[in-house]
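Quick note: full-length UniProt numbering has the sequence shown finishing at residue 267, numbered continuously throughout.
Just so it is clear, CB atoms sit at the ideal spot from N, CA and C, and this is done for glycine as well.
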Amino acid sequence: MVATARSAIGVFDSGIGGLTVVRALMERLPFEDIVYFGDTARVPYGVKSNDTIHNFTTQIADFLLDRDVKLLIIACNTMAAVAGDAVRARSPVPVLDVIDAGARAAVEISQRGIGVIGTPTTVNSNAYARNIHALNPALSVYSQACPLLVPLVEEGWLEHEVTKLTLQEYLKPVFVESIDALVLGCTHYPLLKPLIGQVAGAGIRLVDSAVTIAEQTARVLTEMDMHNPQRVAPRYDYVVTDIPLRFQTIGSRFLGRELSHLEQVRW
Ligand code: DGL
Numbered sequence: 001m002v003a004t005a006r007s008a009i010g011v012f013d014s015g016i017g018g019l020t021v022v023r024a025l026m027e028r029l030p031f032e033d034i035v036y037f038g039d040t041a042r043v044p045y046g047v048k049s050n051d052t053i054h055n056f057t058t059q060i061a062d063f064l065l066d067r068d069v070k071l072l073i074i075a076c077n078t079m080a081a082v083a084g085d086a087v088r089a090r091s092p093v094p095v096l097d098v099i100d101a102g103a104r105a106a107v108e109i110s111q112r113g114i115g116v117i118g119t120p121t122t123v124n125s126n127a128y129a130r131n132i133h134a135l136n137p138a139l140s141v142y143s144q145a146c147p148l149l150v151p152l153v154e155e156g157w158l159e160h161e162v163t164k165l166t167l168q169e170y171l172k173p174v175f176v177e178s179i180d181a182l183v184l185g186c187t188h189y190p191l192l193k194p195l196i197g198q199v200a201g202a203g204i205r206l207v208d209s210a211v212t213i214a215e216q217t218a219r220v221l222t223e224m225d226m227h228n229p230q231r232v233a234p235r236y237d238y239v240v241t242d243i244p245l246r247f248q249t250i251g252s253r254f255l256g257r258e259l260s261h262l263e264q265v266r267w
């Protein structure tokens with residue numbers, strides 16, 4: 001079978017953080033079916049080696065391509081940073097990723113300089129700086145790894161004093177630079193938007209790649225003439241490699257609704 005306009009959009013992530021992207025897609029494209037793959041057995045990726053991330057990522061992309069998705073979205077910044085090119089090389093359908101989307105959005109709004117926060121692997125890869133400089137070499141980029149933020153978000157400490165202090169500590173070196181945009185370069189950070197906004201202040205605009213990639217997806221579907229012509233309630237499928245404790249609670253926090261049609265694959 002090949003993908004048609006009625007096929008689902010494939011979205012994948014190292015775990016459940018990519019559900020922030022699914023949520024933005026549901027809002028922007030309410031008639032599109034979505035199949036989401038979260039590698040919950042092997043998360044987190046943000047502290048793993050490039051080799052391992054590359055192997056896991058291509059395995060997941062192949063799984064979704066076998067399901068004849070019409071578009072692939074790499075919702076995980078770490079996967080996109082390390083293996084975005086490898087996924088594009090093997091995919092017969094268009095591949096969008098959060099780093100490309102986030103970089104484009106940041107370049108559009110920044111006049112001075114851009115801060116980027118993400119996992120250690122994303123920051124070490126320099127992928128955001130590369131993408132931003134390919135679009136505008138004149139913009140300075142200041143990146144900061146924030147490894148403690150993923151567990152804090154999963155704990156649900158979205159407004160907690162500890163999270164605020166952690167953010168202030170991480171962002172101190174970024175804020176001494178002249179930036180006017182801050183890219184939330186990790187699936188988990190959109191949930192911290194109110195707190196990050198408070199810490200960053202009014203002069204710094206936040207770039208949420210979940211929202212920008214939903215916009216980009218809508219544009220690409222229009223260009224390809226691949227919007228789902230059916231105007232009925234869409235189907236959402238969630239495939240995960242493990243169903244850990246508190247999965248439903250944490251998952252629905254990211255998604256903003258209950259998770260239905262959950263399937264587990266054992267790798
Ligand atoms: N999904 C990852 C990202 O966006 C965060 C979680 C992880 O480290 O796997 O970078």
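Between the alpha carbons of residue i and residue j, how many angstroms are there, rounded?
i, j, result
"E159", "P194", "8 Å"
"V239", "D68", "15 Å"
"residue 311", "G156", "Given that the chain is displayed from residue 1 to residue 267, the structure contains no residue 311 and the question cannot be resolved."
"P234", "P30", "7 Å"
"L245", "L221", "36 Å"
"S7", "P120", "35 Å"
"I109", "A75", "22 Å"
"Y142", "V174", "6 Å"
"N126", "T249", "33 Å"
"A138", "Y236", "42 Å"
"I196", "Q168", "9 Å"
"T52", "D62", "16 Å"
"N136", "Q264", "43 Å"
Between residue i and the rest of its own chain, which residues show a CB-CB distance below 6 Å, the 5 nearest in sequence each way excluded?
i, result
"L152", "T163"
"G10", "V35, L64, V69, L72"
Is residue i helix, strand or coil when you go by DSSP?
i, result
"D237", "strand"
"S143", "strand"
"L167", "helix"
"R205", "strand"
"A83", "helix"
"I179", "coil"
"Q264", "strand"
"D31", "Per the sequence shown, the amino acid found at residue 31 is Phe instead of Asp. Residue state, collapsed to three classes: coil."
"I117", "strand"
"L72", "strand"
"D97", "strand"
"V232", "coil"
"V11", "strand"
"G256", "coil"
"Y45", "coil"
"G38", "strand"
"G102", "helix"
"G197", "helix"
If you drop the 5 nearest sequence neighbours on each side, which residues of the same chain put their C-beta closer than 8 Å to that of residue i?
i, result
"S178", "R112, G113, S140"
"V150", "G17, P44, G46, T119, C186, H188"
Take the Cβ of residue i as the centre, count every other Cβ of all protein chains shown within 10 Å, and call the residue buried at 16 or more, exposed below.
i, result
"I204", "buried"
"E154", "buried"
"A202", "exposed"
"G115", "buried"
"H261", "exposed"
"L19", "buried"
"V43", "buried"
"I243", "exposed"
"V176", "exposed"
"V123", "buried"
Report the residue from the options whose alpha carbon sits nearest the alpha carbon of residue i.
i, options, result
"Y96", "I109, N77, V107, E108", "Here residue 96 is Leu; the residue named in the question, Tyr, does not match the sequence. Residue N77 is the option with its Cα nearest to L96."
"residue 294", "G118, G46, L25", "As shown, the chain starts at 1 and ends at 267. That puts residue 294 outside it, with no answer to give."
"D208", "M1, Q230, E32, R104", "R104"
"I99", "A89, M79, R88", "M79"
"W267", "Y170, F37, R257, Y189", "F37"
"L148", "T166, N136, A138, P137", "T166"
"V93", "H188, Y45, V2", "V2"
"V87", "T58, Y142, D66, Y236", "T58"
"N50", "V82, D62, V265", "V82"
"Q230", "N136, A89, E32", "E32"
"A200", "K172, A145, D66", "K172"
Whose C-beta lies closer than 7 Å to the C-beta of residue i among residues of the same chain, with five residues either side of it excluded?
i, result
"M226", "A5, K70"
"D39", "S14, G15, F56, I60, T241"
"A106", "I114, I132, A181, V183, V207"
"V22", "V11, I34, Y36, L255"
"G251", "I16, L19, L259"
"P190", "T20, L184, D208, A210"
"G84", "I74, D97, I99"
Got a sec: is the Cβ-Cβ distance from residue i to anything in chain B below 8 Å?
i, result
"T119", "Of the protein chains in this structure there is only one, and it is not chain B."
The ligand ATP and residue i: does the residue's C-beta get closer than 7 Å to at least one heavy atom of that ligand?
i, result
"G84", "Questions concerning the ligand ATP fall outside what the structure shown contains, since the ligands it does hold are the ligand DGL."
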